[in-house]
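Engineer: Handing you a structure now.
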Amino acid sequence: MVETLTLGLSRQYVVAIKEMLPLGYNRGGNLVKNGGFEIGPHVFANYSTGILIPARIQDLISPLPGWIVESLKPVKYIDNRHFKVPSGLAAVELVAGRESAIAQIIRTDAGKAYILSFTVGDAQNGCHGSMTVEAFAGKEPFKLSFVSEGKGVFKTGHFRFVADSDRTRLTFYSAFYHTKLHDFGHLCGPVLDSVVVLPTH
């Protein structure tokens with residue numbers, strides 16, 4: 001902890017340093033690296049608001065390995081100690097509508113068919129309303145909608161797409177803006193987790 005004194009005011013800064021190891025290939029054939037968002041920024045045990053991950057224009061090295069925050073606004077990294085996540089230790093909350101997008105470029109074979117699956121829901125944090133996560137696999141759009149009552153309910157969608165090149169960009173964002181039920185000044189949004197791409201046989 002670093003403490004500075006300026007004109008009688010005290011400021012305290014806390015810095016966390018975490019080693020990020022290179023991502024390897026996934027077991028089970030999933031083409032998406034870190035699709036469950038298990039590897040990410042350090043989360044302090046008593047830090048219950050989540051961690052905002054800035055856009056790529058502000059931070060060229062993503063603290064969320066494998067993923068690019070390619071929008072104007074950040075996404076929120078949430079953990080299972082303080083929020084409801086579909087599976088595993090962590091997930092991403094898309095908190096700023098279409099201005100909050102996350103993407104990854106995966107290796108594919110042109111002309112080959114794949115199945116994209118992902119899970120969306122709410123973090124049991126008072127975020128409510130009709131929610132839609134829009135996804136793109138290359139140029140093919142997909143939508144997964146659900147109605148949130150802020151109770152930590154999740155839904156998984158499966159979509160088929162045909163790759164048109166040897167690299168396919170996966171992009172996810174929330175179609176709408178949302179606020180918490182009892183705090184209209186607090187932006188929130190759908191939770192994204194368990195992103196999987198598998199070749200069809």
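Counting with the UniProt record's numbering, you get residues 1 to 201 for the letters of the sequence shown.
We put the CB at the ideal spot given by N, CA and C, even for glycine.
Please read all numbers here as calculations on a predicted model, not as lab measurements.
If Leu72 and Ala55 are in contact, beta carbons under 8 angstroms, what's the gap, nearest whole angstrom?
Structural biologist: For the purposes of this step, residue 72 is taken as residue 72 along the sequence shown, with counting starting at 1. For the purposes of this step, residue 55 is taken as residue 55 along the sequence shown, with counting starting at 1. The pair is a contact, with the Cβ atoms about 6 angstroms apart (cut-off 8 angstroms).
Engineer: Classify Arg81 as helix, strand or coil using the three-state DSSP reduction.
Structural biologist: Against the sequence shown, residue 81 aligns to sequence position 81. Coil.
Engineer: Just list the residues that DSSP pairs His158 with in beta bridges.
Structural biologist: Stepping through the sequence shown from its first residue, residue 158 is reached at position 158. DSSP, once it has assigned bridges, lists Ser117 as partnering His158.
Engineer: Which value, in whole angstroms, describes the spacing of the CA atoms of Met131 and Arg169?
Structural biologist: Counting from one through the sequence shown, the residue named residue 131 turns up at place 131. Counting from one through the sequence shown, the residue named residue 169 turns up at place 169. Straight-line Cα distance between these residues: approximately 23 angstroms.
Engineer: Near Ser48, which residues of its chain fall below 7 angstroms by C-beta distance, leaving aside the five closest residues on each side in sequence?
Structural biologist: Stepping through the sequence shown from its first residue, residue 48 is reached at position 48. Contacts found: His82.
Engineer: Distance, Cα to Cα, Val196 vs Phe118?
Structural biologist: The residue you call residue 196 lines up with position 196 of the sequence shown. The residue you call residue 118 lines up with position 118 of the sequence shown. Going by the C-alpha atoms only, they are around 6 angstroms apart.
Engineer: What does the Cβ neighbour count give for Ser148, buried or exposed, with the cut at 16 atoms within 10 Å?
Structural biologist: Taking the first residue of the sequence shown as 1, we reach residue 148 at position 148. Ser148 comes out buried.
Engineer: Would you check if the distance between the CB atom of Ile51 and the CB atom of Val43 is smaller than 8 angstroms?
Structural biologist: Mapped onto the sequence shown, residue 51 falls at position 51. Mapped onto the sequence shown, residue 43 falls at position 43. Yes, they are a contact pair.
Engineer: What do you get for Gly35, buried or exposed, if any count of 16 or more other CB atoms within 10 angstroms of its CB means buried?
Structural biologist: The residue labelled residue 35 in the question sits at position 35 within the sequence shown. With 16 or more Cβ atoms within 10 Å of its Cβ, Gly35 is classed as buried.
Engineer: Name the residue from Cys188, Leu187 and Ser174 whose alpha carbon lies nearest to the alpha carbon of Ala101.
Structural biologist: The residue you call residue 101 lines up with position 101 of the sequence shown. For the residues Cys188, Leu187 and Ser174, the minimum Cα distance to Ala101 belongs to Ser174.
Engineer: Write down the C-beta distance between Gln104 and Trp67 rounded to the nearest angstrom, noting that I regard them as a contact closer than 8 angstroms.
Structural biologist: Here the question's residue 104 lines up with position 104 in the sequence shown. Here the question's residue 67 lines up with position 67 in the sequence shown. 5 angstroms between Cβ atoms; contact.
Engineer: Please work out which residues of its chain come closer than 6 angstroms, Cβ to Cβ, to Leu64, disregarding the five sequence neighbours upstream and downstream, and give them in chain order.
Structural biologist: As a working mapping, residue 64 is identified with position 64 in the sequence shown. Cβ within range, chain order: Gly40 and Ile53.
Engineer: Could you spell out the range, first to last residue, of the beta strand (DSSP E) harbouring Ala103?
Structural biologist: Along the sequence shown, one-based indexing puts residue 103 at 103. Residues Ala101 to Arg107.
Engineer: Determine the contact status of Phe172 and Leu198, defining contact as a CB-CB distance below 8 angstroms.
Structural biologist: Locating residue 172 in the sequence shown gives position 172, where the first residue counts as 1. Locating residue 198 in the sequence shown gives position 198, where the first residue counts as 1. No. Outside cutoff.
Engineer: Is the beta carbon of Val133 closer than 8 angstroms to that of Tyr94?
Structural biologist: The count along the sequence shown starts at 1 and reaches residue 94 at position 94. The count along the sequence shown starts at 1 and reaches residue 133 at position 133. Sequence check: residue 94 is Leu here, not Tyr. Yes.
Engineer: Might you give, ordered along the chain, the residues of its own chain that have their beta carbon closer than 6 angstroms to the beta carbon of Leu167, omitting 5 neighbours on each side?
Structural biologist: The sequence position of residue 167 within the sequence shown is 167, counting from 1. In the sequence under discussion, the amino acid at residue 167 is Arg, which differs from the Leu named in the question. Taken in chain order, the residues that qualify are Ile105.
Engineer: Can you tell me whether DSSP reads Gly185 as helix, strand or coil?
Structural biologist: Here the question's residue 185 lines up with position 185 in the sequence shown. Of the three classes helix, strand and coil, the one that applies to Gly185 here is strand, per DSSP.
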